[in-house]
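In full-length UniProt numbering, the protein residues as written are 1 to 214.
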């Protein structure tokens, strides 16, 4: 009798590993080719799995894409949790910590940012459910930045004439745009410099220069 639960647990572990392998392949393939151009046949070949087996895990390409979005979001959440007590820092230091963590994450996993950028561009006019899923995740990141900016405005670290919400969304969109642009020029342009320059421009744009000079 004890063998049946053990076998069931082993099957569940294998299924979980297979599912993760599928999601990993999907993130890379969707980032490289986009949602519209990628087929389930492409994905099954990428993970060396029969289409039938792939459909058993994810009945539709949309189901797979939504699961990949959620998986990638959870990875990003875990990454930024490594910052620990950064919320106790001054607003400018919080802003810098978030920027540096995003820079490191996208340097190591450029496909994460390109994945979100590609899907945001495609889904906005082609798939409402996917577009909504992308909006929900990016809005979470933007809200975090918005809160930091508003905090900085209260403490006098950041300019009062800056719209916190639109600045936060511009920062998210701009960072993704820098990543996509650098990817196009990757043969002649390293990621670190344009990403650092963009972060510097944004930080300078929101800082209260009078306070920072004191």
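We treat Cβ as the ideally placed atom computed from N, Cα and C, and that holds for glycine. Since this is a predicted model, take the numbers as computed values, not measurements.
Residue from 66, 202, 15 with nearest C-alpha to residue 167: In the chain shown, counting from the first residue as 1, residue 167 sits at position 167. Of the residues 66, 202, 15, the one whose Cα lies closest to the Cα of residue 167 is 202.
Please state the DSSP three-state secondary structure of residue 207. Here residue 207 refers to the residue found at position 207 of the chain shown. Secondary structure at residue 207: strand, using DSSP grouped into helix, strand and coil.
Would a C-beta distance cut-off of 9 Å place residue 83 and residue 98 closer than the cut-off? Numbered from 1 along the chain shown, position 83 holds the residue referred to as residue 83. Numbered from 1 along the chain shown, position 98 holds the residue referred to as residue 98. Their beta carbons are under 9 Å apart, which means residue 83 touches residue 98 by this criterion.
Is it a yes or a no for the stretch 139 to 146 touching the stretch 49 to 57, going by three-plus beta-carbon pairs under 8 Å? Put simply, the stretch 139 to 146 does not touch the stretch 49 to 57. Fewer than three CB pairs are less than 8 Å apart.
Please list, in chain order, all residues of the same chain as residue 85 whose beta carbon is under 7 Å from its beta carbon, the five residues on each side excluded. As a first step, residue 85 is located in the chain shown; it is residue number 85 there, counting from the start. Within the same chain, residue 85 has no close Cβ partners at all.
Starting from the Cα of residue 156, find the closest Cα among 124, 91, 122, 163 and give me that residue. As a working mapping, residue 156 is identified with position 156 in the chain shown. Checked all of 124, 91, 122, 163; the closest Cα to residue 156 is 91.
Please list the terminal residues of the continuous alpha helix (DSSP H) segment that includes residue 109. Along the chain shown, read from residue 1 onward, the residue named residue 109 stands at position 109. No alpha helix (DSSP H) holds residue 109; DSSP gives it neither H nor E.
Classify residue 37 as buried or exposed, calling it buried when 16 or more other Cβ atoms lie within 10 Å of its own Cβ. If you number the chain shown from 1, residue 37 lands on position 37. Exposed, since its Cβ has fewer than 16 Cβ neighbours within 10 Å.
Using 9 Å as the threshold, is the C-beta distance between residue 160 and residue 208 below it? Within the chain shown, numbered from 1, the residue matching residue 160 stands at position 160. Within the chain shown, numbered from 1, the residue matching residue 208 stands at position 208. Taking the C-beta atoms as reference points, residue 208 is found nearer than 9 Å to residue 160.
Report the rounded CA-to-CA distance for residue 14 versus residue 187, giving the unit in angstroms. The sequence position of residue 14 within the chain shown is 14, counting from 1. The sequence position of residue 187 within the chain shown is 187, counting from 1. Taking the CA atoms as reference points, residue 14 sits about 39 Å from residue 187.
Taking the alpha helix (DSSP H) that residue 45 falls in, what are its first and last residues? Taking the first residue of the chain shown as 1, we reach residue 45 at position 45. Start and end: 40 to 46.
Roughly how many angstroms lie between the CA atoms of residue 214 and residue 104, to the nearest whole one? Along the chain shown, one-based indexing puts residue 214 at 214. Along the chain shown, one-based indexing puts residue 104 at 104. Summary for residue 214: the model assigns pLDDT 43, below 50, so the residue's position carries little reliability; its value from the coordinates is reported in the next sentence. Those two C-alpha atoms are separated by around 31 Å.
State buried or exposed for residue 41, treating a residue as buried only when at least 16 other CB atoms are found within 10 Å of its CB. Taking the chain shown and counting its residues from 1, one reaches residue 41 at position 41. Answer is exposed; the Cβ neighbour count stays below 16.
Start and end residues, alpha helix (DSSP H) containing residue 170: Here residue 170 is taken as the residue at index 170 of the chain shown, counted from 1. For residue 170, the enclosing alpha helix (DSSP H) starts and ends at 164 to 184.
Quick one: what does DSSP say residue 214 is sitting in, helix, strand or coil? Here residue 214 corresponds to residue number 214 of the chain shown, with the count starting at 1. The pLDDT assigned to residue 214 is 43, lower than 50, so where the model puts this residue is not dependable; a value taken from the coordinates is nonetheless given after this. Coil at residue 214, not helix or strand.
By DSSP, does residue 190 sit in helix, in strand, or in coil? Reading the chain shown from its first residue, position 190 is the one you call residue 190. In the structure shown, the three-state DSSP call for residue 190 is coil.
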